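J.: Under UniProt numbering, the sequence shown has 96 at position 96, and the numbering climbs by one with no breaks.
Each residue gets a CB set at the ideal place from its N, CA and C atoms; glycine is no exception.
Note that the structure is a prediction, hence the values are computed from the model and not measured.
Pasting a structure below so you can have a look.
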Amino acid sequence: MENMIRILTVLLFMLCLATTGKAQYKPVEQESDLKFTIKNLGFDVEGTLAGFEGNISFDIQNLAGSSFDVTVAAATINTGNSLRDDHLRGENYFDAKNYPKIRLVSEKITLLSKSGTYRLSGKLTMKGVIKPVSFPFTVVALPGGYNFKGSFKINRRYFGIGGTSTLADELEVNINVTAKKA
């Protein structure tokens, strides 16, 4: 019995060492932004989303053990026009009341170049719809964390967002996230 307790103690200690080796980071709201651009009536409409939350585990030496699970708040949409923003928060667009978070979860992180360019492959969830997404991003080391920048295009209709014929189907998303140790 005493031997069994020693073995369990050693196993628990090893498990603690294995899990504490991963550096965990949290997005810093004041130093992060998500911007998007979409055409409406042929003109670019720009906007932002905020309310960054989530967990980032990033290790340049262990990309297989790295992961992103981050969200922004759908209700924070801001295009600089409060009437349009209220409309976008509504049921036909983001339905922020029923789907308050937009979530990005990585499935795989790979190195694209030695200069700090990586590829995130994962799942994007908006309005309860989950779709695959893959895009390049850069990483800059900061004191106590990292800055991650990337961009990708998505089709809003795949997520059941909007329906007007004046609004382009495709939009570009630019992410700039600073994350510090949790």
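Between the alpha carbons of N176 and S32, how many angstroms are there, rounded?
T.: In a straight line, the C-alpha of N176 is about 5 Å away from that of S32.
J.: Just to confirm, is the Cβ distance from N55 to Q24 under 8 Å?
T.: yes
J.: Where does Q24 sit, in a helix, a strand or coil, going by DSSP?
T.: strand
J.: With a floor of 3 residues, list each beta strand (DSSP E) that falls wholly inside the segment 79 to 124, ordered by position along the chain.
T.: 101 to 113
J.: So, with DSSP's three-state summary, where would you put S165?
T.: Residue state, collapsed to three classes: coil.
J.: Looking at the structure shown, is V72 part of a helix, part of a strand, or coil, going by DSSP?
T.: V72: strand per DSSP, three-state reduction.
J.: Mapping DSSP to helix, strand and coil, what is L49?
T.: strand
J.: Would the beta-carbon of G122 fall within 8 Å of that of V140?
T.: no
J.: Helix, strand or coil: how does DSSP classify L41 here?
T.: coil
J.: Give the DSSP-derived three-state secondary structure of A64 in the structure shown.
T.: Three-state DSSP puts A64 in a helix.
J.: What are the start and end residues of the beta strand (DSSP E) that includes F58?
T.: No beta strand (DSSP E) holds F58; DSSP gives it neither H nor E.
J.: Would the beta-carbon of F58 fall within 8 Å of that of Y146?
T.: yes
J.: Span of the beta strand (DSSP E) holding F152?
T.: 145 to 155
J.: Grab me the residues of K108's own chain with a C-beta within less than 7 Å of its C-beta, minus the 5 sequence neighbours each way, in chain order.
T.: S121
J.: Can you check whether the CB of I77 is closer than 8 Å to the CB of residue 268?
T.: Because the chain here runs from 1 to 182, residue 268 falls outside it and cannot be looked at.
J.: Identify, in the order they occur along the chain, each residue of the same chain with its Cβ nearer than 6 Å to the Cβ of K39, setting aside the five sequence neighbours on each side.
T.: A168
J.: Taking DSSP as the reference, what is the three-state secondary structure of L12?
T.: Residue placement at L12 is poorly supported in this model, since its pLDDT is 36, which falls under 50; the coordinates still yield a value, given next. Here L12 sits in helix by DSSP.
J.: Return the first residue and the last residue of the beta strand (DSSP E) that A141 is part of.
T.: For A141, the enclosing beta strand (DSSP E) covers residues 129 to 142.
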